[in-house]
Amino acid sequence: MLWFWFFAGPALILALFSLRGERRRAAYVAACLAEPPHADLPPATVIVPVKGFDPGLRENLAALATQDYPDYDLIVAAHCAADIPAGVLPPRVRIVLAHAAEPGTGAKVLNLQTAVRFARKDALLYAFADSDGRVSRNWLRALAAPLASSASSSVDDRVGASTGYRWYAPEPPDFWSLMRSVWDAVIGGTFGPGANAFAWGGSMAIRREVFHAVRVPDFWRDTVSDDYALSEAVRSAGFRIAFAPGAMAVSTDRTGGRAFLAWARRQLTITRVYRPRLWWTALAAHVFYCGGMAAAIAASIHGNRGAEWVLLAQLSPGMLKGANRATLAKAELPDYKAWFERHAWVHALWVPLATWVWLIVLLASAFGNRIEWRGIRYRLKTAHPPA
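Heads up: take any position in the sequence shown, counting from 1, add 34, and you land on my numbering.
Right under this line is the structure:
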């Protein structure tokens, strides 16, 4: 029985501990979504890097170009003109071509570096989006609100950056596309009130003065991850990252098993190199989660009836948390209510399976520092704060 409780004991504790803060997170999301529109919104520049075709690219760019925001412009940034497919650009968009190549720095980061230099001179806010996500008309307002609200706060309490996250709502769904949705939602479930661990590059914003004060361009050198580097710059300067529930982006495309696992491994390899503490924490938790499940199943097969209750007690909190993630996402994304009504159940029932997928991908990302991103191969370097 010692081997059983070695895994099952910590697994039970972790499962119950994971529910801590869920009620507070739900209250925070509800309060943010109920806030009246902020009146004092600074002029903004929205930057979206493009490299080739993404499903729904024309519609995604159109959504960014038609924001309900008083004063902003949109920049599409690319390495060269050939990276922008024909017929996808909305009216009045500005195009910035980087034509840059630096060993060790990702093409996306180089595009962003160049685009920031061409931001409108009176822009007080930089916002960043990804080309494969669809945002609502209030997306930019939601990102700007935490930054506008904190502009007059004390330095110690000021928000340095704001972030949304993504939700995969594949249509029509299939197994691997829904598994990606469940798998990725676990990360989204870490965002909430107070200081957040990082800003997600597909939906993040930062005030211009903070961007330069914390030296984001310096942190962007020799890195492939624009968001981890920006987050490190903001956090190192003593600012916090605020979650904006109204700034969620949706991807409706589908994926296959091989593509999903390769993508997931790349995400966690990037995390292991640039945020090793997050990676090690996730690995340790999933070793005990999966070890506890396996121990309970094995003990049950050998006639231990109590092990069945232990397994139920371990699985229930995770499934409840998965259901809560879907419930909050449904509130954050009212335009996709019909999708949630049909498919939200997988975010509860598939959590045990997704936990094993997490462990498999974590182990696969434990070795090697080479990734492929948008057809380009990179060798990741351990991040060091710039001098």
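Ideal placement from N, C-alpha and C gives every residue a C-beta, glycine not left out.
Report task. Taking all protein chains shown into account, decide if N145 is buried (16 or more other Cβ within 10 angstroms of its Cβ) or exposed. Result -> buried
Query - Pair within 9 Å by beta-carbon distance, I81 and A176 - result: Contact: no.
Query - Cβ distance (whole Å) where G194 is taken to contact A115 below 8 Å - result: The C-beta separation of G194 from A115 comes to about 34 Å, leaving the pair out of contact by the 8 Å criterion.
Requested in this report: Under 8 Å by Cβ, that's how I've got R249 and L158 pegged, so tell me the actual separation to the nearest angstrom.
Outcome: In fact, because the Cβ distance is near 18 Å, the residues do not count as touching under 8 Å.
Query raised in the report: Considering only residues of the same chain and omitting the five flanking positions on each side of G55, which have a CB-CB separation below 7 Å?
Result: G226
Query raised in the report: Nearest to A231 by CA position, among M213, E243, D208 and W313, is which residue?
Result: W313
Query raised in the report: Leaving out the 5 sequence neighbours to the left and right, which residues in its chain are closer than 7 Å to V122 when beta-carbon positions are compared?
Result: L91, R92 and L95
Query - Backbone CA spacing between L393 and P386 [nearest angstrom] - result: 11 Å
Query - Nearest-angstrom Cα separation, counted from E205 out to D190 - result: Unreliable positioning characterises D190 in this predicted model, as indicated by a pLDDT of 43, which lies under 50. The coordinate reading is nonetheless provided below. Inter-residue distance for D190 and E205 is about 44 Å (C-alpha atoms, whole angstroms).
Query raised in the report: Is V122 near the ligand SAM, with its Cβ less than 8 Å from a heavy atom?
Result: Summarising the ligand content, the structure contains no ligands, and the ligand SAM is consequently not present.
Query raised in the report: Hey, would you say E342 sits closer than 9 Å to S334, going by beta carbons?
Result: yes
Requested in this report: Over the uninterrupted beta strand (DSSP E) stretch that includes Y202, give me the two end residues.
Outcome: Unbroken beta strand (DSSP E) run through Y202: R200 to Y202.
Query raised in the report: If you drop the 5 nearest sequence neighbours on each side, which residues of the same chain put their C-beta closer than 8 Å to that of A68?
Result: none
Requested in this report: Provide the residue(s) that pair with R274 in DSSP beta bridges, ordered along the chain.
Outcome: V193
Query raised in the report: Do A247 and W254 have their CB atoms nearer than 9 Å?
Result: no
Query raised in the report: Would T257 be called buried (16 or more neighbouring beta carbons within 10 Å of its own) or exposed?
Result: buried
**Report entry** Minimum length 4: unbroken alpha helix (DSSP H) runs contained in the region 241-318
**Finding:** 242-247, 250-253, 260-270 and 291-308
Requested in this report: Identify whether D117 lies in helix, strand or coil by the three-state DSSP scheme.
Outcome: helix
Report task. Select from Y370, L383, R376 and A45 the residue whose C-alpha is nearest the C-alpha of W201. Result -> Y370
Report task. Verify whether the separation of the beta carbon atoms of A182 and W173 is less than 9 Å. Result -> No, they are not a contact pair.
Query raised in the report: Can you tell me the Cα-Cα spacing of S186 and F273, whole angstroms?
Result: Residue confidence for S186 is low, a pLDDT of 49 falling below 50, so the modelled location carries little weight; the figure read from the coordinates is stated next. Taking the straight line joining both Cα atoms gives about 14 Å.
Query - Three-state secondary structure (DSSP) of D369 - result: In this structure, DSSP gives D369 a helical state, which the three-state scheme calls helix.
Query raised in the report: Taking just the CA atoms, how far does L108 sit from A378?
Result: 33 Å
Requested in this report: Report, in whole angstroms, the separation of the C-beta atoms of P76 and A178, which I expect to be a contact under 8 Å.
Outcome: Contact flag correct, Cβ pair sits at about 7 Å.
Query raised in the report: Quick one: Cα of T100 to Cα of S237, how far?
Result: 16 Å
Query raised in the report: In the structure shown, what three-state DSSP assignment does T344 receive?
Result: Note that residue 344 is Val in the sequence shown here, rather than Thr. Helix.
Query raised in the report: What residue from T416, L354 and R288 has the CA that sits closest to S211's CA?
Result: R288
Requested in this report: Report the three-state DSSP secondary structure of S237 (helix, strand or coil).
Outcome: strand
Query raised in the report: R408 lies in the beta strand (DSSP E); which residues open and close that run?
Result: Looking at the DSSP string, R408 is not in any beta strand (DSSP E), and its letter there is neither H nor E.
Report task. Select from G167, H133, D117 and A45 the residue whose C-alpha is nearest the C-alpha of P89. Result -> For the residues G167, H133, D117 and A45, the minimum Cα distance to P89 belongs to G167.
Requested in this report: Check whether the region 300-310 touches the region 396-412, taking contact to mean three or more Cβ pairs, one atom from each stretch, closer than 8 Å.
Outcome: Taking 8 Å as the limit for Cβ pairs, the verdict is that the region 396-412 does touch the region 300-310.
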